Structure formats: structure tokens, C-alpha cells
Amino acid sequence: MEGILHSVQEILEESDIPGENRDQVLEMINVAFKKVYEDRVQMPDWAQKSIGATIDTDRTSKSYELGKTEGCCFSSWFFSSANPPDIILQPDVHPGNCWAFQGSQGQVVIRLPEKIYPTAVTIQHISKAISPSGDVTSAPKDFAVCGLNEETGKETLLGTFIYDSGKESIQTFQLEGELSKSFVYIKFNVLSNWGNAEYTCVYRVRVHGKRTNSS
7 MEGILHSVQE
17 ILEESDIPGE
27 NRDQVLEMIN
37 VAFKKVYEDR
47 VQMPDWAQKS
57 IGATIDTDRT
67 SKSYELGKTE
77 GCCFSSWFFS
87 SANPPDIILQ
97 PDVHPGNCWA
107 FQGSQGQVVI
117 RLPEKIYPTA
127 VTIQHISKAI
137 SPSGDVTSAP
147 KDFAVCGLNE
157 ETGKETLLGT
167 FIYDSGKESI
177 QTFQLEGELS
187 KSFVYIKFNV
197 LSNWGNAEYT
207 CVYRVRVHGK
217 RTNSS
């Protein structure tokens, strides 16, 4: 958003609009953008790197590596290098700013900053409208969410879902058996994507829930 506002400011400076009016116009545009970009989910996200969430790399699929012969299909100008999986824990979502793994099946295990009762997850991918390739075949399709026992690693299935790439780019899914068990480890298991045989891209995963000590 900052880049767009900077471009708008440059255009206004080159225009014939008086300085005072330019500032007013820029402020109105700034307010409008904030409303557009305001998080529509309106639930706390426990899977944020900024509050201490991390990736359990030992239980997470390897990142997709861009090879010399793969530039034509992976678009080297789009993915200049392999991003680490913890990029999915950050809100900066723009084309190419994702974590990719090879094929259509893979998993990522997120360690939350504290144990919570998970109630929902939110998955975000870029829309076809802003995709440089013109498609979103690398988006996750079928996926499962599990809570992992902190000591034994035993999995508790919290639900299986479908991310519909033809709908809104941000989609929230309610988990099964919410508030019955608390977890600090959450596994996001991708079972298929929307047709890309080479790789799957995950842009952002959010985990919602209630603290174990909340009333």
C-alpha cells in the first residue's frame, strides 16, 4: 500500500492541484486505502511471526527450489528465490511473496506463541486478477488441519476443507470440535492444488482461537 500511495503522491505533485489540496486528496486516498486493506477477518491471528509464531522445519515439507531448467514454468522474474516457509506467517501478501513446495501435496507445522483452543483457520492466496501468470493453479485446494500433541506428536484432525480459488482470496474455515482441546502445534496439510503439477504456493495461513486461560 505504501508504494501505491507514493506513486499517487508523485502524480499529485506533477499536477496543477494546489499544495494544500494535494495534501487533502492524499489524506482522503490514504483513508480509503486503509478501509480497503482493513482486515476483514476480524479475529486474532495466533500464527503471526510478529507475536512469536514459528515454523517447525523438521515436520515441514522442503521448499521448492528453482532450478536452471525450471525458469520457464516457475517464472524466475516472479519467484527470484525460494522463500522460507515462515513467510506464510506474515501479512505481506503480493505476487511471488509466498512459500512454495514441490508437487501438489505438502505440509507445514506451525508452533503458536502459546497454547490455544483453535476455532478457525484462514487461508489467503492472490487472486487471478493480480496473478502475473494469469492463473492460480498453484493455490491449495483440498487441505486438512490437525492439532498436534506437544509431547507425543499425536494428531487430532480438526477438519478437512476446500479452498475455492474462484472465490474471495481470503477464506475462513471453522474447525471441528472447537474448544474441546488446546494445542500449541497446528499442522496445515495440503492434499491437492488447482492443477499445477510442479509446485504449490502458500501465501498466508492464520490460526484463530481462544487462549486457554481466557474466561
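Going by the working numbering, 134 is the number at position 128 of the sequence shown; the sequence numbering is gapless.
The beta carbon of each residue, even a glycine, is placed where N, CA and C say it ideally should be.
If you're wondering where the values come from, they're calculated on a predicted model, not measured in any experiment.
When we look at the beta-carbon of residue 209 and count the other beta-carbons within 10 Å, is it buried (16 or more) or exposed? If you number the sequence shown from 1, residue 209 lands on position 203. Buried, since its Cβ has 16 or more Cβ neighbours within 10 Å.
- prompt: Between which two residues does the beta strand (DSSP E) carrying residue 100 extend?
  reply: Numbered from its first residue, the sequence shown carries residue 100 at position 94. That residue, residue 100, is in no beta strand (DSSP E); it is neither H nor E in DSSP.
### Task
Answer with buried or exposed for residue 90, where buried requires no fewer than 16 other C-beta atoms within 10 angstroms of its C-beta.
For the purposes of this step, residue 90 is identified with residue 84 of the sequence shown, where counting begins at 1. Result: exposed.
Span of the beta strand (DSSP E) holding residue 124?
As a working mapping, residue 124 is identified with position 118 in the sequence shown. Segment 112-130, the beta strand (DSSP E) holding residue 124.
**Prompt:** What is the rounded straight-line gap between the Cα of residue 62 and the Cα of residue 154?
**Reply:** Walking along the sequence shown from the start, residue 62 turns up at place 56. Walking along the sequence shown from the start, residue 154 turns up at place 148. Approximately 12 Å, taken between the alpha carbons.
Just to check my reading of the structure: residue 169 and residue 149 have Cβ atoms closer than 8 Å, yes? What is that Cβ distance to the nearest angstrom? Translated into positions along the sequence shown, residue 169 becomes position 163. Translated into positions along the sequence shown, residue 149 becomes position 143. That belief holds up - the Cβ atoms of residue 169 and residue 149 are roughly 7 Å apart, short of 8 Å.
To the nearest angstrom, report how far apart residue 110 and residue 147 are at their CA atoms. Working through the sequence shown from its first residue, we reach residue 110 at position 104. Working through the sequence shown from its first residue, we reach residue 147 at position 141. If I take the Cα positions, the gap works out to 9 Å.
Q) Between the C-alpha atoms of residue 163 and residue 193, what's the straight-line distance to the nearest angstrom? A) Translated into the one-based positions of the sequence shown, residue 163 becomes position 157. Translated into the one-based positions of the sequence shown, residue 193 becomes position 187. Distance between the alpha carbons of residue 163 and residue 193 is about 9 Å.
Practice task
Closer than 8 Å by C-beta to residue 122: which residues in its own chain qualify, once you throw out the five before and the five after it? Chain order, please.
Solution key: In the sequence shown, counting from the first residue as 1, residue 122 sits at position 116. Correct list, in chain order: 52, 188, 189, 190, 213, 215, 216, 217 and 218.
Checklist line | Distance between residue 100 and residue 138 (C-alpha atoms, nearest Å) | finding: Residue mapping note: residue 138 aligns to position 132 of the sequence shown, counting from 1. Residue mapping note: residue 100 aligns to position 94 of the sequence shown, counting from 1. Rounded to the nearest angstrom, the two C-alpha atoms are 11 Å apart.
Residue 154 - DSSP class collapsed to helix/strand/coil: The residue you call residue 154 lines up with position 148 of the sequence shown. Correct three-state label for residue 154: strand.
Checklist entry - Can you tell me whether DSSP reads residue 63 as helix, strand or coil? => result On the sequence shown, residue 63 is found 57 positions in, with the first residue counted as 1. DSSP places residue 63 in helix when its eight states are reduced to three.
With a threshold of 7 Å on Cβ separation, who are the neighbours of residue 112 within its own chain once the five nearest residues in sequence on each side are excluded? What you label residue 112 is simply residue 106 of the sequence shown in a count that begins at 1. Excluding positions up to five away in sequence, the list reads 67, 196 and 206.
Check your understanding: Taking the C-alpha atoms as reference points, what is the distance between residue 92 and residue 58?
Key -> Reading the sequence shown from its first residue, position 86 is the one you call residue 92. Reading the sequence shown from its first residue, position 52 is the one you call residue 58. When rounded, the distance between both Cα atoms is 11 Å.
To which residues of the same chain is residue 47 closer than 8 Å at the C-beta, ignoring the five residues directly before and after it? Within the sequence shown, numbered from 1, the residue matching residue 47 stands at position 41. Excluding sequence neighbours, residue 47 sits near 128, 176, 178, 212 and 214.
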